[in-house]
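Asks: Before I ask anything, here is the structure I am working with.
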Amino acid sequence: MNPSPLDKNAVAKVLREISLLLQLKGENAFKVRAYDTAADRLLGLTQDLGALVREGRLQELPGIGQGLAEKISELVTTGKLGFHEELKAAFPAGLLEILQLPDMGPKKAMALWKELKVGSVAELEQACREGRVRELKGFGAKSEAKILEGIALHGRAQGKRKLLGDVLPTVESLLARLQAVPGVVRVSPAGSVRRRAETVGDVDLLASAPEAGPALDALANAPGVAVLIGKGESKCSVRMVEADLQVDLRVLPDEDFATALHHFTGSKAHHVRLRGLGQDKGFKISEWGVHRADGTKVLIRDEADIYRLLGMQYVPPELREDSGEIEAALEGRLPEDLLELEDVRGVVHSHSTWSDGKHSLEQMARAAKELGLQYLTVTEHSQAAVYAGGLKEDDLKRQWEEIDRVNEAIPGFRLLKGIEVDILESGALDYRDSVLEQLEVVIGSIHVRHNLNEEQMTQRLLNAMDNPCLNIIGHPTGRLIHERDPYPLRMEAVLDRAAERGVVMEVNGKPARLDLKAEHVRMAVQRGVKLVVSADAHKVEDLPHLIFAVATARKGWARKGEVLNTLPADKFIRALKAQRAR
DNA sequence: GCCGTTTTCGGCCCGACTGTTTTCAGTCG
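For what it's worth, our numbering labels the leading residue of the first sequence as -15, then goes sequentially.
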């Protein structure tokens, strides 16, 4: 198989750029949208793009017709697209960066370029300082100041969306504060936080109350607020000290809460589709509610009412990305038993002071029990992971004695004897089989030698899965969001082998990992590969990271039955072994 | 550029907000 010069992410990025360039050109807005829709479609793709191209099946994807199919094929097979190159040549490269500034769209950017020959952010900044921008039609002194402010912010926060895991604690404490305000009925996060996206730009919060004032004040005066950006009748925006995070709160009457929550949860792509469906059925769906053709308002008590009205299953927020959930919900194919946090009985993947963890086995066990869990899989690093205090084979026996002592000391809870064994460059495991066979849970992970090529890395994992001692592949792509790219890997091949051999895939909940990520989870589920959700805990404070693994599994449409650590400890271990014995 | 029990043309989601205007265009979510 020839590796594709461009993968789906790269192709989507080109389509996105074409959309921007077409907007600059003043092209028909619907043509522009077609490129955006196609980019969304590719990003949510769970099939192999290269295969779709080879088999000429691109046009089976909704939103992709003949024109886009040809362009995508050209990109995938040659790595370039003539149409794209021509468009790019027509504008200065810096214009695309100008478009990233707040309140800056194609019309304004083109005016700046045509009238002032401003073609980069640096030139724009200079033009503002010299007062030349305010002379333009449609611009004024205020726009000039706003642009300068935007440039400053852009420089500071360039591409730095925050990890969901870094943001959620702040969000939850703000929500608790708002819920305690007298008169407040309901509170909820909205936007990407509620959809449990991997990373978050701004945080949107909603509250319902008869009077907006007290709730708005509660946010404006909340601890940790650095700047009050703005406060009006029904909205308040602040910037938090922590992580330079912007938080927007809207307060509205409780009867408008459900439609507003739905509106502000998004995603945009999901909404565009829903509104189209609504229109077909004679409803107009907007932020302010659902209206019939005669203008009367439909009573919407909660979000489920909206989906019911459209004759489809309820779509949980995590799934609202227009990646097939709408078709599935219309046909009744959406999983009704998506994994819930409450389904999880035990935590998989943890470290203690025996290797690079911060807390003792007993501390970890007590903390996990405190969270309502029944077991914790102890999986220290193996000897190859020298930097992480990896255990020698001999150390294991002594650790097992301590595990036995802790298990006796804490009734109703159990530490399982496991290991996170390194997958060496060849795909061999870092312990002898005779040692691995004695363990209850064997996670195999890659920690060293990341710089192999796609074929070598794929083969490394395939080889590892051939060892019957291996139960689970840990953080299969090795990515660290914002820090390290996933290693090159043919995920389809890895998952096919996992399905064939009964190897389980980890969904690692560490906020910077989320690995497998949601789209890979979906690919795994489609192949019948079983999963575990893990915390990858190195200290007791990491144990709640399980919620991010659960969120990722849900975003990948994983049902309870597909996640093995929803089973009690004995059945969990038996299921792991049974998988391998198939 | 896509799409079709309104099918090969003429549609394509909707409304608020802002700053600029003097009735509206552009941007955003």
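Where a beta carbon is used, it is the ideal one built from N, C-alpha and C, also for glycine.
Below 6 Å CB to CB, which residues in the same chain sit around residue 268 once its five sequence neighbours on both sides are set aside?
Replies: Locating residue 268 in the first sequence gives position 284, counting from the first residue. 275.
Asks: Which same chain residues, not among the five before or five after residue 209, have their C-beta less than 8 Å away from its C-beta?
Replies: Taking the first sequence and counting its residues from 1, one reaches residue 209 at position 225. Cβ neighbours of residue 209 beyond the five flanking positions: 203, 222, 223, 224 and 225.
Asks: With a threshold of 8 Å on Cβ separation, who are the neighbours of residue 446 within its own chain once the five nearest residues in sequence on each side are excluded?
Replies: One-based indexing of the first sequence puts residue 446 at position 462. Only 411, 477, 478 and 481 meet the Cβ criterion.
Asks: Throw me the rounded Cβ distance for the residue 524 and residue 383 pair, which I believe falls under 8 Å.
Replies: One-based indexing of the first sequence puts residue 524 at position 540. One-based indexing of the first sequence puts residue 383 at position 399. Their Cβ separation, rounded to whole angstroms, is 18 Å, which puts residue 524 and residue 383 out of contact at 8 Å.
Asks: Could you have a look at residue 428 and say whether DSSP puts it in helix, strand or coil?
Replies: Working through the first sequence from its first residue, we reach residue 428 at position 444. Three-state DSSP puts residue 428 in a strand.
Asks: Helix, strand or coil: how does DSSP classify residue -13 here?
Replies: For this step, residue -13 is matched to residue 3 along the first sequence. Residue placement at residue -13 is flagged as unreliable, the pLDDT there being 47, under the threshold of 50; a coordinate-derived value is accordingly withheld.
Asks: In the segment 72 to 112, which residue ranges form an unbroken alpha helix (DSSP H) of at least 4 residues, counting only runs that do not cross its ends?
Replies: Those alpha helix (DSSP H) runs which fall completely within the segment 72 to 112 and span 4+ residues are 78 to 82 and 90 to 100.
Asks: Could you tell me which of 370, 472 and 52 sits nearest to residue 439, measuring between CA atoms?
Replies: Translated into positions along the first sequence, residue 439 becomes position 455. Nearest of 370, 472 and 52 to residue 439, Cα basis: 472.
Asks: In the DSSP assignment, find the unbroken beta strand (DSSP E) run with residue 334 in it and report its ends.
Replies: Here residue 334 is taken as the residue at index 350 of the first sequence, counted from 1. Residue 334 -> beta strand (DSSP E) spans 330 to 334.
Asks: Give every residue of the same chain whose Cβ lies closer than 7 Å to the Cβ of residue 59, excluding the five residues on either side of it in the sequence, and list them in chain order.
Replies: For the purposes of this step, residue 59 is identified with residue 75 of the first sequence, where counting begins at 1. Here the set comprises -10, -5, -2 and 65.
Asks: Of the residues 456, 488, 449 and 497, which one's Cα is nearest the Cα of residue 469?
Replies: Sequence index remark: in the first sequence, residue 469 carries index 485 (1-based). That would be 497, whose Cα lies nearest to the Cα of residue 469.
Asks: For residue 47, which residues in the same chain have their Cβ closer than 6 Å to its Cβ, ignoring the five residues on either side in sequence?
Replies: The sequence position of residue 47 within the first sequence is 63, counting from 1. These residues qualify, in order along the chain: 21, 22 and 25.
Asks: Across the segment 276 to 284 and the segment 503 to 521, are there enough close Cβ pairs to call them in contact, namely three or more that are closer than 8 Å?
Replies: The segment 276 to 284 is not in contact with the segment 503 to 521.
Asks: Considering only C-alpha positions, which residue in the set 557, 463, 252 and 425 is nearest to residue 435?
Replies: Position 451 of the first sequence, counted from the start, is the residue given in the question as residue 435. It is 463 whose Cα lies nearest to the Cα of residue 435.
Asks: Assuming contact is defined by CB atoms lying nearer than 8 Å, are residue 400 and residue 426 in contact in what I supplied?
Replies: Working through the first sequence from its first residue, we reach residue 400 at position 416. Working through the first sequence from its first residue, we reach residue 426 at position 442. Taking 8 Å as the Cβ cut-off, residue 400 and residue 426 do not qualify as a contacting pair.
Asks: DSSP state of residue 31, grouped into three classes?
Replies: Residue 31 sits at position 47 when you count from the first residue of the first sequence. Three-state DSSP puts residue 31 in coil, outside helix and strand.
Asks: Find out if the Cβ-Cβ distance for the pair residue 188, residue 495 is shorter than 8 Å.
Replies: Reading the first sequence from its first residue, position 204 is the one you call residue 188. Reading the first sequence from its first residue, position 511 is the one you call residue 495. In this structure, residue 495 does not lie closer than 8 Å to residue 188 by Cβ.
Asks: Can you round the beta-carbon distance between residue 323 and residue 113 to whole angstroms, since I take them to be within the 8 Å contact cut?
Replies: Residue 323 sits at position 339 when you count from the first residue of the first sequence. Residue 113 sits at position 129 when you count from the first residue of the first sequence. In fact, because the Cβ distance is near 54 Å, the residues do not count as touching under 8 Å.
Asks: Note down the Cα distance separating residue 339 from residue 393, rounded to an integer number of angstroms.
Replies: One-based indexing of the first sequence puts residue 339 at position 355. One-based indexing of the first sequence puts residue 393 at position 409. Roughly 22 Å separates the two Cα atoms.
Asks: Just reading off the beta strand (DSSP E) that residue 388 is part of, what are its end residues?
Replies: Working through the first sequence from its first residue, we reach residue 388 at position 404. Unbroken run through residue 388 is the alpha helix (DSSP H), 377 to 393; no beta strand (DSSP E).
Asks: Pop quiz: residue 238 and residue 165 are said to be a contact at Cβ under 8 Å. What is the actual Cβ separation, rounded to whole angstroms?
Replies: Within the first sequence, residue 238 is the residue found at index 254, counting from 1. Within the first sequence, residue 165 is the residue found at index 181, counting from 1. Actually they do not touch by this definition, with Cβ atoms about 14 Å apart.
Asks: Please go through the segment 467 to 545 and give each complete beta strand (DSSP E) segment of 3 or more residues, from N-terminal end onward.
Replies: You should have 488 to 492 and 515 to 521.
Asks: Taking 8 Å as the cut-off, decide whether the C-beta atoms of residue 527 and residue 244 are in contact.
Replies: Start at 1 with the first residue of the first sequence, and residue 527 comes out as number 543. Start at 1 with the first residue of the first sequence, and residue 244 comes out as number 260. It is not a contact, given that the beta carbons lie outside the stated cut-off.
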